[in-house]
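A short worksheet on the structure shown next.
In my numbering, the protein residues as written are 1 to 251.
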């Protein structure tokens, strides 16, 4: 009898701890940048969020494979004290859909991003509703993809100042074809709250595809009149969505 009581008491205590963890305020925001860009474009949004009391970390993933990028994200999540909100742009919607299954991830924010179902790849999704832009090229070895610098401003960052778009084009991270072809497992949005930003002038991902994926996932949707680089051209509005998600995901 004593053993039964002890077992029940332990189970109750464990459930209370788990509930408390879910209800804790989410102060950690982990951002995973998309392909064909790096994390530097997130500086303004990061500064806004830090000014509002959040701890922001940006994952500089290699984009050599989906597994490598999930591992890079996990290494950053391991450094956080308490629950985290995962934010993914573009390709990294695939990454946070995998990495977000961790118990310490409280919610997900998809910023002009892919939101895959189990068994889908980025290529599957992009091919279902092709974008307006079509300036992706491959490296000489045929293993990596990049966005033609001459078309970068038009297809990726049309609403950024010319010099900012030019810098993004020069600092872009090439993406392995393998990463784009990888299929995800059970996506985290099935068990976690999620938010989605649709960039209505997006030429890299079809805005209609962004809307369809968000609807399927049951995400709370915010539409912003911006290019694919919405995180850089509209950092305040993006920060507002991330802040709302952080406040709500802990409840």
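We treat Cβ as the ideally placed atom computed from N, Cα and C, and that holds for glycine.
- Span separating the alpha-carbon of residue 54 from that of residue 239: Within the chain shown, residue 54 is the residue found at index 54, counting from 1. Within the chain shown, residue 239 is the residue found at index 239, counting from 1. Distance between the alpha carbons of residue 54 and residue 239 is about 11 Å.
- Message: For the alpha helix (DSSP H) containing residue 220, name the first residue and the last one.
- Response: If you number the chain shown from 1, residue 220 lands on position 220. Looking at the DSSP string, residue 220 is not in any alpha helix (DSSP H); the run it does join, the beta strand (DSSP E), is 220 to 224.
- Task: Indicate the three-state DSSP secondary structure (helix, strand or coil) for residue 45 in the structure shown.
- Result: Sequence index remark: in the chain shown, residue 45 carries index 45 (1-based). Residue 45 falls in the helix class under three-state DSSP.
- residue 144 - DSSP class collapsed to helix/strand/coil: Counting from 1 along the chain shown, the entry for residue 144 is found at position 144. Residue 144 falls in the strand class under three-state DSSP.
- Query: Where do the ends of the alpha helix (DSSP H) carrying residue 239 lie?
  - Reply: On the chain shown, position 239 is the one that residue 239 refers to. Its alpha helix (DSSP H) spans residues 235 to 249.
- Message: At 3 residues or longer, what runs of the beta strand (DSSP E) sit wholly inside the region 136 to 199?
- Response: 136 to 138, 144 to 147 and 193 to 199
- According to DSSP, is residue 96 helix, strand or coil? By 1-based counting over the chain shown, the position of residue 96 is 96. DSSP places residue 96 in helix when its eight states are reduced to three.
- Within the same chain, show all residues whose beta-carbon is closer than 6 Å to that of residue 174, passing over the 5 residues directly before and after it, in chain order. The residue given as residue 174 occupies position 174 in the chain shown. Correct list, in chain order: 144 and 146.
- Would you call the CB atoms of residue 156 and residue 228 closer than 8 Å? Here residue 156 refers to the residue found at position 156 of the chain shown. Here residue 228 refers to the residue found at position 228 of the chain shown. In contact: residue 156 and residue 228 (Cβ atoms closer than 8 Å).
- Start-to-end residues for the beta strand (DSSP E) that takes in residue 88: Residue mapping note: residue 88 aligns to position 88 of the chain shown, counting from 1. Note, residue 88: beta strand (DSSP E), 84 to 89.
- Query: Can you tell me the Cα-Cα spacing of residue 252 and residue 158, whole angstroms?
  - Reply: Only positions 1 to 251 of the chain appear in this structure, which leaves residue 252 out of reach.
- Message: Taking the beta carbon of residue 203 as the centre, do at least 16 other beta carbons fall within 10 Å, making it buried, or is it exposed?
- Response: Numbered from its first residue, the chain shown carries residue 203 at position 203. Buried, since its Cβ has 16 or more Cβ neighbours within 10 Å.
- Query: Who are the Cβ neighbours of residue 243 in its own chain at under 8 Å, not counting the five residues just before and after it?
  - Reply: Position 243 of the chain shown, counted from the first residue, corresponds to residue 243. Within the same chain, residue 243 has close Cβ partners 49, 52 and 54.
- Task: Compute the Euclidean distance between the alpha carbons of residue 124 and residue 181, then round it to the nearest angstrom.
- Result: By one-based count along the chain shown, residue 124 stands at place 124. By one-based count along the chain shown, residue 181 stands at place 181. Approximately 8 Å between the Cα atoms of the pair.
- Message: Taking 8 Å as the threshold (C-beta atoms), are residue 95 and residue 61 in contact?
- Response: Reading the chain shown from its first residue, position 61 is the one you call residue 61. Reading the chain shown from its first residue, position 95 is the one you call residue 95. Going by C-beta atoms, residue 61 is nearer than 8 Å to residue 95.
- Message: Within 8 Å, do at least three Cβ pairs link the region 190 to 209 to the region 221 to 237?
- Response: yes
- C-beta contact flag for residue 34 and residue 91 at 8 Å: Residue mapping note: residue 34 aligns to position 34 of the chain shown, counting from 1. Residue mapping note: residue 91 aligns to position 91 of the chain shown, counting from 1. In contact: residue 34 and residue 91 (Cβ atoms closer than 8 Å).
- Would you kindly check if the distance between the Cβ of residue 245 and the Cβ of residue 59 is under 8 Å? Indexing the chain shown from 1 puts residue 59 at position 59. Indexing the chain shown from 1 puts residue 245 at position 245. No; because the gap between Cβ atoms is not below 8 Å, this pair is not in contact.
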